[in-house]
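In this note's numbering, the protein residues as written are 14 to 317.
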């Protein structure tokens, strides 16, 4: 393992701890300003869906891209927490019987199994709403204009033209498998949009110039594609114990993936190409970009 790779893993672990501490505070039993009460069962379900481990890769990308651009650390931490609320809400809802119908997430019972379906729906709704509360609130130390820009970018990454729309396409794929172009669009929306936002958010937090913002946005698109290809590869080659969730489900439901269309050898070659492109995009940042280069390698080579 190279020194940048070791530094990345240490940074990823520290970022996960910081984000989890932030989320723990945001999901405390005490009502916030203008809240009336926080029902205990709903709060417990939200915490189960969020504070259950995970690599916290998306929050890390927010924190690291902000550091790269000289952005405010506390602002980046809150935006990272908001993004993780969005990501975790999507997992809670994706796991529901009406969607992917999964019983296991990160090696633990999914929220609708640990609680019930209605509570899981409300927990997802509440996490989604909380995300925009966090990003827009004055406790996020940015100008109102910057907070608004981040809220808009996050909404577009999460909504009909991003993650939620991608999930709709994913459900439709069970009835009519898409062609290769359709798979690329579906995956760019369902998986890639939030990863792209995570990388672009650092530039928005720092008020970076347009060229820097474009480079980090493209970097996010590239590693988002790599993340999904690696995920599809793991779905074929790994097992549930290693992955922390069921495997082989896309094939079982007749859904097409790029790995299924092109094969395992193609997938591994494409991951190498995407890592090289990601590294090239970070070359203007010199040594400051080494940990994000390591992040690209981690995304492509991960085992779970």
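Virtual Cβ for every residue (Gly too), placed ideally from N, Cα, C.
State the CB to CB distance for the pair residue i and residue j, rounded to an integer number of angstroms; the pair is presumed to be in contact (CB under 8 Å).
i, j, result
"residue 241", "residue 204", "4 Å"
"residue 95", "residue 148", "4 Å"
"residue 301", "residue 81", "6 Å"
"residue 246", "residue 280", "5 Å"
"residue 112", "residue 188", "About 14 Å; that fails the 8 Å criterion."
"residue 89", "residue 76", "5 Å"
"residue 152", "residue 91", "7 Å"
"residue 308", "residue 74", "7 Å"
Can you name the start and end residues of the alpha helix (DSSP H) that residue i belongs to?
i, result
"residue 173", "Note, residue 173: premise wrong, no alpha helix (DSSP H); not H, not E."
"residue 210", "206-219"
"residue 21", "16-39"
"residue 132", "130-149"
"residue 275", "271-275"
"residue 309", "303-314"
"residue 109", "Premise fails: residue 109 is in no alpha helix (DSSP H) and is neither H nor E."
"residue 202", "Taken as a continuous stretch (DSSP letters only), residue 202 belongs to no alpha helix (DSSP H), as it is neither H nor E."
"residue 152", "Element bounds for residue 152: n/a, residue is neither H nor E."
"residue 298", "Careful: residue 298 lies outside any alpha helix (DSSP H) and carries neither H nor E."
"residue 192", "Counting along the chain, residue 192 falls outside any alpha helix (DSSP H), and DSSP gives it neither H nor E."
Would you kindly work out how many angstroms separate the C-alpha atoms of residue i and residue j, rounded to a whole number?
i, j, result
"residue 30", "residue 144", "19 Å"
"residue 288", "residue 311", "9 Å"
"residue 44", "residue 53", "11 Å"
"residue 27", "residue 114", "32 Å"
"residue 122", "residue 108", "10 Å"
"residue 42", "residue 132", "17 Å"
"residue 303", "residue 17", "6 Å"
"residue 192", "residue 34", "43 Å"
"residue 258", "residue 58", "Low confidence applies to residue 258: its pLDDT is 48, below 50, so where it sits in the model is not reliable enough to give any reading."
"residue 105", "residue 120", "14 Å"
"residue 297", "residue 228", "9 Å"
"residue 214", "residue 141", "18 Å"
"residue 316", "residue 161", "37 Å"
"residue 159", "residue 93", "15 Å"
"residue 154", "residue 249", "44 Å"
Check the DSSP bridge columns for residue i and list the partner residues they point to.
i, result
"residue 122", "117"
Say whether the region 57-71 touches the region 176-194, bearing in mind that this needs 3 or more beta-carbon pairs closer than 8 Å, one atom from each stretch.
Result no; under three Cβ-Cβ pairs closer than 8 Å.
Query raised in the report: Hey, is the region 164-172 in contact with the region 209-226, meaning 3+ C-beta pairs nearer than 8 Å?
Result: yes
For the 8 Å Cβ check, are there 3 or more pairs between the region 229-248 and the region 88-102? no
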